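Below: one structure, written as structure tokens.
Residue numbers (the numbering used here): 4 to 178.
Following this line, the structure appears as structure tokens:
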């Protein structure tokens with residue numbers, strides 16, 4: 004498991020920690036079969052030489068891992084942004100706000116519509132919700148279109164009295 008290269012870093016965990024990959028019995032047998040085996044006991048190095056070499060290998064692995072991680076992060080960001088649509092609100096727009104429903108962080112609900120007061124940053128807006136102003140991230144907001152514009156007078160018009168209509172006899176009565 005420690006020999007499998009991480010897709011983000013491009014190196015195995017063992018290689019990042021110890022500067023080289025683990026050698027299994029199969030690797031040893033393969034090297035002996037191919038005639039690549041060397042006797043490590045014959046190669047005695049000084050401790051300082053070993054430590055300097057190890058530091059150099061770890062530094063190189065660290066730099067390469069950072070480069071691979073940055074490349075993988077760009078690829079992931081491009082993949083996510085391919086389908087993402089930006090949310091932009093103007094002052095005066097209405098939006099639904101995701102608010103916590105409970106003290107547990109996985110429970111949340113969409114609140115009643117709030118009015119956008121101003122844009123704080125590229126991803127944050129100041130919202131007036133129940134006459135309380137709060138700054139919310141754009142991921143916690145959904146656009147809302149009210150049925151009637153604010154300040155509009157809505158009235159129902161009745162053309163006939165419901166009692167003056169003839170009874171509907173098309174449906175049989177069930178007793």
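Even for Gly, the Cβ is constructed at its ideal location relative to N, Cα and C.
Computed from a predicted structure; not experimentally measured.
Nearest candidate by alpha-carbon position, reference residue i, set the options
i	options	result
residue 140	156, 150, 119	119
residue 102	145, 16, 68	145
residue 62	14, 124, 114, 111	14
residue 123	136, 114, 115, 74	136
residue 20	58, 127, 142	58
residue 75	156, 143, 10	10
residue 88	138, 126, 16	126
residue 138	82, 109, 36, 98	98
C-alpha distance - residue i paired with residue j, whole-angstrom precision
i	j	result
residue 117	residue 72	40 Å
residue 54	residue 25	18 Å
residue 129	residue 148	18 Å
residue 7	residue 79	21 Å
residue 77	residue 60	26 Å
residue 184	residue 134	Any question about residue 184 goes unanswered here, given that the chain covers just 4 to 178.
residue 12	residue 31	26 Å
residue 150	residue 95	15 Å
residue 84	residue 49	52 Å
residue 113	residue 29	57 Å
residue 22	residue 38	24 Å
residue 104	residue 111	5 Å
residue 69	residue 81	18 Å
With 16 other Cβ atoms within 10 Å as the buried cut-off, status of residue i
i	result
residue 33	exposed
residue 64	buried
residue 18	buried
Proximity below 8 Å, CB of residue i to CB of residue j
i	j	result
residue 100	residue 132	yes
Neighbour flag for residue i against chain C, beta carbons, 8 Å
i	result
residue 139	Annotation note: the requested chain C is absent from the structure, which comprises a single protein chain.
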